[in-house]
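Just so we're aligned: the sequence shown equals residues 52 to 604 in the working numbering. Below is one structure, written out as structure tokens, with a few remarks after it.
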Amino acid sequence: METKTLPELIAIIYELRAKLNETQNTIDAIFNGEIDALVVPNKNGHQLYTLKNADRNYRVIVENMTQGALTLDSNGVILYSNSRFASLLNFPLEHVIGVPFENFVPDEFKAAFRRLLNKGWRENIKDDLYLMGKNFERIPFLLSLTKLEFDKGEVISIILTDLSLIIETENQLKAKNIELEKAQYITAKLNKELKDTVKEKTRDLLISQRNFKFLADNIPVMVWTADRDGKFDYFNQQWLDYTGLSVDDSKNDGWMKVVHLHDIKASMESWQAALATSMPLETMCRIRKIDSGEYLWHLTKAIPFFDENSRIIAWFGTMTNIEEQKQALAKKDEFIGIASHELKTPLTSLKGYMQLISAYKQNELPPIIKQFAGKANEAIGKLANLVNDLLDVSKIQMGKLEFNTSLLNVSDLIQLCIESAQFMYPNYIISVHGKKNGIVTGNMERLEQVMMNLISNAVKYSPVNKEIDIETEVTETEVKVSIKDFGIGLSDHQKERIFERFYRVEDNTYSTSGLGIGLYISSEIIKAHNGKIGVMSKLNKGSTFYFILPIHE
Ligand code: ADP
């Protein structure tokens, strides 16, 4: 290769740059419509392309179109192309102008293009056709062919619209449509299933509502329901028949009209407490019967229904006529009252005669008789306790459990009871804890009765473990005495009723005899001392019974 000097090379660069500028100017001039003809070298030598008839304004428009725009001569050679067409195929413009259009048509579409071009010479025509880009990529176009008259003869103009985006969008649209159809199908299916479920559930609900109404109207108890806030919304037929009220009359506080005046306050309080705590309601009250005007005792029970979030949905309540049980209990109380009274007199003389026998000629009595007399005295003592307890029950029932009170020290009470208990139950280990001094107002005998009852229960219900702890806690305001055993214990359910009269736990495997009145009397005595009585217990672990008395100020 011939070596060039630096100045020569610089001169060549200048020359080339000048040519480049010239070419660029020419291209700009064509675009701007400043020139009307162009000589383009091709394999047939130089060819003149006339731009004379092209109106400058139109050319500006054509240049700015988003479509490609071409003119072809009768040989199918591109005489003019806007830059958009070249860029759509990724070619520089100078590689497009003067080139047969067919060069850009893929082989498989050439025949179709020729047919189209032939037609184009005769009429305006449009059709889709794939062209080939610089990298041989296939690009879809809509070709619109029109024959134009020029000075130098006829040309075909072609406007090319790139369909890639449209086709792509159409494909996407198709895909979306398919998805949409699928979704519609699924939705329709779900809808149908939902409708079926709703139908089924509605039917179930109707059936269960009807069942509920049928049941509620045909059971012999009165039934009501209330919403979560305690607003009554349903009363069964029994209630309406018994009270003579309508459902609307009974709603809100209407039900109070038929409740005995003395029971309204307690009923209201129990209902409010149940609502506040969401705990089941259990209360008793007398309700007026419309037929006779008499008030009959009823046991009201209600339970809350919860949803899956533990929120109350509704309250379901029943009222059961317990007049007969109440009367039976009253008869029992009456009988006990009379019987214990009747027993008291012979018992007292029996006790007196026994004392006389025991005291009579002490030295002459054979030892065996002395022993029998001792046993008889013991039995009389137990009998006397029983009769006294029964008498206490009737006194309580008649509101006549009266006793004198004085100031007493709890430590004296405990001391007294421990001594008796240790004497009575020598097999048991009874230990005492805590501070004992505390002055209370009370009746020593009655409080001793309570403590001894709790201790004898601790012994009675602890057949194996024979330890009993007695603890005293004294604060500024009250004194608490607890009796703790490690015996059979009580379940939560059993604990609920043990302070009721005649209540005994029947369902434990360990059975002992008793009347079920000891705790009832104890609780009444403590209540009469303005105190509290209670129990903490666990089945098979043991119980702690306690009572609390206010400290004397
Ligand atoms: P009684 O002992 O005569 O049955 P009470 O009124 O003293 O009657 O007691 C009522 C019920 O409470 C008893 O039947 C028993 O089931 C239960 N009970 C009382 N004290 C205890 C205790 N320390 N441990 C377990 N259960 C007890």
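Ideal placement from N, C-alpha and C gives every residue a C-beta, glycine not left out.
#### Entry: Whole-angstrom C-beta distance between Y131 and L121, which should lie under 8 Å
Contact holds; Cβ gap of about 7 Å.
### Task
Compare the beta carbon distance of L458 and H349 with 9 Å and say whether it is the shorter of the two.
no
### Task
Could you tell me if M449 is buried or exposed, where buried requires 16 or more neighbouring beta carbons within 10 angstroms of its beta carbon?
exposed
### Query
Looking at the structure shown, is Y476 part of a helix, part of a strand, or coil, going by DSSP?
coil
### Task
Please state if the CB of I209 and the CB of S195 are separated by a distance shorter than 9 Å.
yes
### Query
To the nearest angstrom, how far is it from the Cα of H484 to the Cα of T563?
29 Å
### Message
Please tell me whether, using a cut-off of 8 Å, the distance from the CB of I549 to the nearest non-hydrogen atom of the ligand ADP is below it.
### Response
yes
### Query
Which of helix, strand or coil does DSSP assign to E66?
Reduced to three states, the DSSP call for E66 is helix.
### Query
Should the stretch 305-323 be called in touch with the stretch 264-272, which here means at least 3 C-beta pairs below 8 Å?
no
### Task
Sort E359, N242, I490 by Cα distance to E529 and report the nearest one.
I490
### Task
Leaving out five residues on either side along the sequence, give the residues of the same chain with a beta carbon under 7 Å from the beta carbon of L214.
D179, P191, F192, L193
#### Entry: Residue of A427, A381, M319, A472 minimising C-alpha distance to L398
A427
### Query
Pairing CB atoms from the stretch 401-420 with CB atoms from the stretch 368-377, are three or more of them under 8 Å?
no
### Task
Please determine, among I176, K177, W172, the residue with the shortest C-alpha to C-alpha distance to E200.
W172
### Message
Rounded to the nearest angstrom, what separates W290 and K352 at their Cα positions?
### Response
14 Å
### Alpha-carbon to alpha-carbon, A137 and F164
19 Å
#### Entry: Enclosing alpha helix (DSSP H) for R165 [first to last residue]
Run containing R165: 158-173, per the alpha helix (DSSP H) assignment.
### Query
G403 by DSSP, collapsed to three states: which one?
helix
### N141, enclosing alpha helix (DSSP H) - first and last residue
First-last for N141: undefined, no H or E at that position.
### Query
If you follow the beta strand (DSSP E) that S457 is part of, which residue opens it and which one closes it?
457-460
### Task
Check the DSSP bridge columns for P191 and list the partner residues they point to.
Y181
### Query
Nearest CA to the CA of L296: which residue from P601, V532, R339, L394?
R339
### Message
Any heavy atom of the ligand ADP inside 8 Å of the beta-carbon of Q545?
### Response
yes
### Task
Can you tell me the Cβ-Cβ gap for I577 and V501, rounded? I've got them flagged as a contact below 8 Å.
Right, their Cβ atoms sit about 6 Å apart.
### Message
Three or more C-beta pairs under 8 Å: does that hold for the stretch 534-543 against the stretch 500-518?
### Response
yes
### Query
For D440 versus I584, is the C-beta distance shorter than 9 Å?
no
### Query
With DSSP run on the structure shown, which of helix, strand or coil describes T117?
coil
### Query
Would you report the Cα separation of Y181 and E114, rounded to the nearest angstrom?
22 Å
### Query
My guess is that I521 and I469 are in contact by the Cβ rule of under 8 Å, so how many angstroms apart are they, rounded?
7 Å
### Task
In the DSSP assignment, find the unbroken beta strand (DSSP E) run with P601 in it and report its ends.
593-601
### Task
Answer with buried or exposed for M273, where buried requires no fewer than 16 other C-beta atoms within 10 angstroms of its C-beta.
buried
### Query
Can you name, in chain order, every residue of its own chain whose Cβ lies under 8 Å from the Cβ of N303, other than the five neighbours on each side?
K282, F283
### Message
Taking 8 Å as the cut-off, is the beta-carbon of G585 closer than that to any non-hydrogen atom of the ligand ADP?
### Response
Checking the Cβ of G585 against the ligand ADP gives no.
### CB-CB length for T523 against I431, believed under 8 Å
Rounded, the Cβ-Cβ distance is 34 Å, inconsistent with contact.
### Task
Please report how far the alpha carbon of D342 lies from the alpha carbon of Y293, in whole angstroms.
8 Å
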